[in-house]
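Right, one structure below, let's go through it.
Protein chains: 2
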Amino acid sequence: MEGEIYNISVMKIYFAGSITGGRDDSQLYLEIIKLLKKYGDVLTEHIGNDSLTQMGEKISDKEIYQRDISWVSESDVLVAEVTHPSFGVGIEIARATEFKKKVICIYRDKEGRRLSAMISGCPGIEVFKYQEIEELKEIFLKEL
Amino acid sequence: MEGEIYNISVMKIYFAGSITGGRDDSQLYLEIIKLLKKYGDVLTEHIGNDSLTQMGEKISDKEIYQRDISWVSESDVLVAEVTHPSFGVGIEIARATEFKKKVICIYRDKEGRRLSAMISGCPGIEVFKYQEIEELKEIFLKEL
């Protein structure tokens, strides 16, 4: 007699944050990743890695692109921290909507600036403003 | 007798530049648009408009998104100035590659920074470095 096979599926989360522009926020990114890990596997833990410099990673640009887009396509949900403008995060968000993934953008409001209309006006993206990490707990609990 | 119908097709060019981050470059954007107009219709002339503030345009975000993406889909080529990080430009570039458009990125190199791997590593995108507007004339002549 064969045993039953359990299909335990763990949610795959793609966390996107600005690498070149957001290194000041690497500690915040680490805390966000820690929160997200309560809900599933975070495919992009390296985003919170302090040793990632403004000059980026040590594999080729093509390899970075292929790896990241394949992670986006594997993921169940993309969570993007969109306080700092970033081409990479913009491209990842666009691909995630192209692949019909759930997309959640979190954003710290700053006076005199507003979030790009290409994010807030894009169908399939939900945007949440926050100031403190505590507020994210509630957002993730509802959305993930 | 009916006259002949001439199908005169003019190249449609989508010019993308950072609105919120690149207002210091609005004069440069105007000069680039002027160069591009020698090759076809520039669908996004408003990007070079000085009166566009950091707070953006006066139509709704959804309308901006729909208008811009429909222009990307109508265009024959997307030319993006990618010196300043921008979510919007990232999303426009991603959509243009999704729609199999020709994509040309132009970029002023700055010490200690490099272009996002998600642009330089993305298939279907050609990146050209430049410092002076004069250098763009040669690039556009070859590429458009």
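Here the protein sequences line up with chains A and B, keeping their order.
Sequential numbering of the first sequence, starting at 864, is according to this note's numbering.
Sequential numbering of the second sequence, starting at 864, is according to this note's numbering.
For glycine and all other residues, C-beta sits at the position ideal for the given N, C-alpha and C.
When rounded, the separation of the alpha-carbon atoms in E1006 of chain A and F991 of chain B is 41 angstroms.
Here S949 of chain B is buried: its Cβ has 16 or more other Cβ atoms, across all protein chains shown, within 10 Å. When Cβ pairs closer than 8 angstroms are counted between the two stretches, the segment 953–970 of chain B is seen to touch the segment 936–944 of chain B, the count reaching three or more.
Within chain B, not a single residue places a beta-carbon under 9 angstroms from that of V942 of chain A; the smallest gap is close to 15 angstroms. Residues of the segment 949–970 of chain A that bring their beta carbon within less than 8 angstroms of a beta carbon in chain B comprise S949, F950, G951, V952, G953, I954, E955, I956, A957, R958 and E961, in sequence order. Counting only runs of 3 or more residues that sit fully inside the segment 921–957 of chain A, the beta strand (DSSP E) segments are 940–944, in chain order. Per DSSP, E989 of chain B is one residue of the beta strand (DSSP E) stretching across I988 to K992. Using beta-carbon distances, G880 of chain A does not count as an interface residue toward chain B, since no partner is under 9 angstroms. Contact between I876 of chain B and S938 of chain B holds, since their C-beta atoms are separated by about 6 angstroms, short of 8 angstroms. By a beta-carbon distance limit of 8 angstroms, I982 of chain A contacts I988 of chain A. Their separation comes to about 6 angstroms.
Think of a sphere of 9 angstroms around the beta carbon of M981 of chain B: the chain A residues whose beta carbon falls inside it are D924, I927, Y928, D931, I932, S949, F950, G951, V952, G953, I954 and E955, in chain order. For G975 of chain B and E961 of chain A, the gap between their C-alpha atoms comes out near 33 angstroms. The beta-carbon separation of C968 of chain A and Y928 of chain B, rounded to 14 angstroms, does not stay under the 8 angstroms limit for a contact. Annotation: the continuous alpha helix (DSSP H) that includes F1003 of chain A extends over I996 to E1006.
Using a CB distance cut-off of 9 angstroms, G903 of chain A does not count as an interface residue toward chain B. Looking from the CA of Y970 of chain B, the closest CA among B:Y993, B:D931, B:M874 and B:Y869 belongs to B:Y993.
For L978 of chain B, at least one C-beta of chain A is nearer than 9 angstroms to its own C-beta. DSSP, reduced to helix, strand and coil, places Y892 of chain A within a helical segment of the structure shown. When secondary structure is reduced to three states using DSSP, D887 of chain A falls in the helix class.
For I982 of chain B, the enclosing alpha helix (DSSP H) covers residues A980 to S983. Near chain B, meaning a CB-to-CB distance below 7 angstroms, the residues of the segment 981–1003 of chain A are M981, I982, S983, G984 and C985.
V966 of chain B is classed as buried because its beta carbon has at least 16 other beta carbons within 10 Å across all chains shown. Here K901 of chain B carries a coil assignment [DSSP, helix/strand/coil]. Across the structure, K921 of chain B and L906 of chain B are spaced so that their CA atoms are roughly 18 angstroms apart.
Here I868 of chain B carries a coil assignment [DSSP, helix/strand/coil]. Non-local C-beta neighbours of D888 of chain A in its own chain, meaning closer than 8 angstroms and more than five positions away in sequence, comprise G880, S881, E944, T946 and H947, ordered along the chain. Proximity of V873 of chain A to chain B, defined by a Cβ-Cβ separation below 9 angstroms, is not satisfied.
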